[in-house]
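A.B. asks:
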Amino acid sequence: YSKRRGRYIYPRYKPEMNKRNNELMTIQSDLYRALERNEFSVVYQPKVSFSNGRILGAESLLRWKHQTLGMISPATFIPMAEDNGLIEAIGEWVLATAATQSKFWQLDGLPSFLLAVNLSGRQLQEDGLLDTVRSIIRTSGIDPTLLELEVTETFLMQDIDHSLSLLHELKSIGIRLALDDFGTGYSSLNYLSRLPVDTLKIDRSFVVDLEESKERYNLVRNVIRMSHDLGMQVVAEGVETQTQFELLKSLNCDEVQGYFISPPVSPDKFRMLLENQPLIDNNYNLALPAFA
Ligand code: C2E
Ligand code: MG
Ligand code: MG
Ligand code: MG
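Right, dumping it as structure tokens:
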């Protein structure tokens, strides 16, 4: 009877919550073994020039295929890896894997592009970060001017002086820096002008709102103007529709990244994208429509 009553009081709700909690616990403990079990891979999403449709860069994005649960979103496991300290080893693996892959493409004569890798705030606090980056550049043979690290505002704001000196040291290696998810943190414009970043990535949430709200449209227009005044390139993240594409292009945004052009793809597919440029023509025809 009590079982039955329980079911009526919490219809379907409680068992599902338990299932999700159990899954999260499994994910958390299996994360320690994912690297040695070879369960990680890296996918690449092109960043394309608004003016000619060519690939200027690619963002490396980590994927984890768990043996029983299937694909786990980085939004789920990256924060866990930051908490338990695994992010340092995982982040190093991503950088080494992507840099080596990029060097292979270059040796194979494919068109060159800027390879971007995400760095979590926790990695930026490691003492050994500079040495790690230098050593991976040496081992992979990647041209440092073809490497970009994406950092987020939230980390930078925690300790501005430390962040600034670290970013300057990274720049001195010859690599480029991008400010990721711009607009989701609290950085002031005054502060932005002091950052040695080459690229600003407008967060997807602003792109989604472009069509809905005149205020958001004006804000994005001003962010693009200001970035250009500061000598930065602007990338729009998460562009999904032709309308968003046209609006951003008319605002002089430099690069587009999003499902409208291509989702993140496997190395094999990314090679095909490199070989089929421009990815989009003036009539909005995609080179490989099946990808989007
Ligand atoms: P992010 O760095 O802002 O990466 C962009 C995210 O937007 C990616 O999600 C990408 O797949 C997704 N995206 C791209 N275009 C579109 C679009 O048109 N529409 C929509 N709805 N989404 C789009 P993903 O791969 O799930 O990664 C999520 C976040 O996880 C990343 O956000 C980044 O913060 C983190 N992450 C992923 N890989 C790594 C990594 O290797 N290291 C670190 N530290 N973080 C990573
Ligand atoms: Mg990113
Ligand atoms: Mg982003
Ligand atoms: Mg984002």
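Heads up, the sequence shown stops at 673 in UniProt numbering, and the numbers go up one at a time, no gaps.
Yeah, the Cβ is synthetic: ideal placement off N, Cα and C, and Gly gets one too.
This one's a predicted model, so the numbers in the text were calculated from it and none came from an experiment.
(1) On a Cα-Cα basis, can you pick out the residue from L405, V424, S432, E420 that is closest to V615?
(2) Just grab the DSSP bridge partners of T513 for me.
(3) P427: buried (16+ other C-beta within 10 angstroms of its C-beta) or exposed?
(4) So E440 is in the beta strand (DSSP E); what residue range does that whole segment cover?
(5) Can you tell me whether Y382 is helix, strand or coil according to DSSP?
(6) Name all residues in chain order for which at least one heavy atom of ligand 2 lies closer than 6 Å to the residue's CB.
(7) Should T449 go down as buried or exposed, given a rule of 16 or more other Cβ atoms within 10 Å for buried?
(8) With respect to 7 Å, is the separation between the Cβ of E618 and the closest non-hydrogen atom of ligand 3 below this value?
(9) For N399, I'd like the list of residues in its chain whose CB is within less than 7 Å of its CB, leaving aside the five on either flank, ordered along the chain.
(10) CA-CA distance, S647 and V423?
(11) Quick check: what's the CA-CA separation for I523 versus P492?
(12) Enumerate in chain order the residues of its own chain whose CB-to-CB distance from S441 is below 7 Å, with the five nearest sequence positions on each side excluded.
(13) Classify N666: buried if its beta carbon has 16 or more other beta carbons within 10 angstroms, exposed otherwise.
(14) What residues match up with L528 in a beta bridge as DSSP calls it?
(15) Tell me where the alpha helix (DSSP H) around T622 begins and ends.
(16) Contact between the stretch 554 to 566 and the stretch 410 to 422 is defined here as three or more beta-carbon pairs at a separation below 8 Å; is this criterion met?
(17) Using C-beta distances below 8 Å, list every residue in its chain close to D512, excluding the 5 sequence neighbours before and after it, in chain order.
(18) Look at the alpha carbon of S383 and the alpha carbon of P396, and state the distance between them as a whole number of angstroms.
(19) Going by Cα to Cα distance, which pick from D562, Y572, D649, I661 is closest to G619?
(20) Taking DSSP's pairing of strands, which residues face S422 in a bridge?
C.D. replies: On the basis of the data shown:
(1) Here residue 615 refers to the residue found at position 234 when the sequence shown is read from its first residue. Nearest C-alpha to V615: S432.
(2) In the sequence shown, counting from the first residue as 1, residue 513 sits at position 132. In the DSSP output, where bridge partners are listed per residue, T513 has none listed.
(3) Position 46 of the sequence shown, counting from 1, holds the residue named residue 427. Looking at its Cβ environment, which holds 16 or more other Cβ atoms inside 10 Å, P427 is buried.
(4) As a first step, residue 440 is located in the sequence shown; it is residue number 59 there, counting from the start. Taken as a continuous stretch (DSSP letters only), the beta strand (DSSP E) holding E440 covers 436 to 447.
(5) Numbered from its first residue, the sequence shown carries residue 382 at position 1. With a pLDDT of 43 at Y382, under the threshold of 50, the predicted position of this residue should be treated as unreliable, though the coordinate-derived value follows. In the three-state DSSP reduction, Y382 falls in the coil class, being neither helix nor strand.
(6) E440, N499, E531, D561
(7) Translated into the one-based positions of the sequence shown, residue 449 becomes position 68. It is exposed - the Cβ of T449 has fewer than 16 other Cβ atoms within 10 Å.
(8) Mapped onto the sequence shown, residue 618 falls at position 237. For ligand 3, at least one heavy atom lies less than 7 Å from the Cβ of E618.
(9) Counting from one through the sequence shown, the residue named residue 399 turns up at place 18. Closer than 7 Å at Cβ, skipping near neighbours: no residue.
(10) Here residue 647 is taken as the residue at index 266 of the sequence shown, counted from 1. Here residue 423 is taken as the residue at index 42 of the sequence shown, counted from 1. Roughly 7 Å between the two C-alpha positions.
(11) In the sequence shown, counting from the first residue as 1, residue 523 sits at position 142. In the sequence shown, counting from the first residue as 1, residue 492 sits at position 111. One C-alpha to the other measures close to 14 Å.
(12) Counted from its first residue, the sequence shown places residue 441 at position 60. Excluding residues within five positions, the ones whose Cβ falls inside 7 Å are V423, Y425, V475, A479, L496, A497, V498.
(13) Locating residue 666 in the sequence shown gives position 285, where the first residue counts as 1. That one is exposed.
(14) On the sequence shown, residue 528 is found 147 positions in, with the first residue counted as 1. Its beta-bridge partners are L496.
(15) Residue 622 sits at position 241 when you count from the first residue of the sequence shown. Here T622 belongs to no alpha helix (DSSP H), and DSSP marks it neither H nor E.
(16) The answer is no - the stretch 410 to 422 does not touch the stretch 554 to 566, with fewer than three Cβ pairs under 8 Å.
(17) Translated into the one-based positions of the sequence shown, residue 512 becomes position 131. Excluding positions up to five away in sequence, the list is empty.
(18) Counting from 1 along the sequence shown, the entry for residue 383 is found at position 2. Counting from 1 along the sequence shown, the entry for residue 396 is found at position 15. In this prediction, S383 scores a pLDDT of 45, lower than 50, which makes its location untrustworthy; the coordinate-derived value is nonetheless stated afterwards. The straight-line gap from Cα to Cα measures roughly 15 Å.
(19) In the sequence shown, residue 619 corresponds to position 238, counting from 1. Among D562, Y572, D649, I661, the Cα nearest to that of G619 belongs to D562.
(20) For the purposes of this step, residue 422 is taken as the residue at position 41 of the sequence shown. S422 is bridged to R444.
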